[in-house]
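Report on the following structure.
Numbering (this note's numbering), first residue to last: 162 to 283.
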């Protein structure tokens, strides 16, 4: 593995070739910016939401909920062809990411988009 100093040197040389400017000060600046972004309170939420949407079936469920006000787990199961347990697993990931809400009525579970998802805060 390349040392941090060597990596910064290589990156600096590449930036200089690309921009024509002295880049020795820029690599630490960009690394600092990245760390600042990672430490921001919103970053873990954004990361969880993007990871939740990185699965085809979960993205499909979100897209369906954009067209329908609510869907029960069995409707999502019928649309995706997944087992009830798999739908439940996918929906729990979307719940934890804050993209959907659930409401239970007896043995039925209904899902809706969360307010953030409706407003496009993904």
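By construction, the Cβ of each residue, glycine as well, lies at the ideal position given by its N, Cα and C atoms.
Under DSSP, no beta-bridge partner is assigned to residue 165.
Residue 208 sits exposed, since fewer than 16 C-beta atoms from the chains shown fall within 10 Å of its C-beta.
The beta-bridge partner set that DSSP reports for residue 264 consists of 271. Taking all protein chains shown into account, residue 171 has fewer than 16 neighbouring C-beta atoms within 10 Å of its C-beta and is therefore exposed. The distance from the Cβ of residue 234 to that of residue 249 is about 6 Å, consistent with a contact at the 8 Å cut-off.
About 6 Å separates the Cβ atoms of residue 232 and residue 272, confirming a contact at the 8 Å cut-off. Residue 243 carries a coil assignment under DSSP once its states are collapsed to helix, strand and coil. With respect to the C-alpha of residue 245, the residue from 210, 268 and 178 having the closest C-alpha is 268. Distance check between residue 217 and each of 241, 187 and 179 places 241 closest, using alpha-carbon atoms only.
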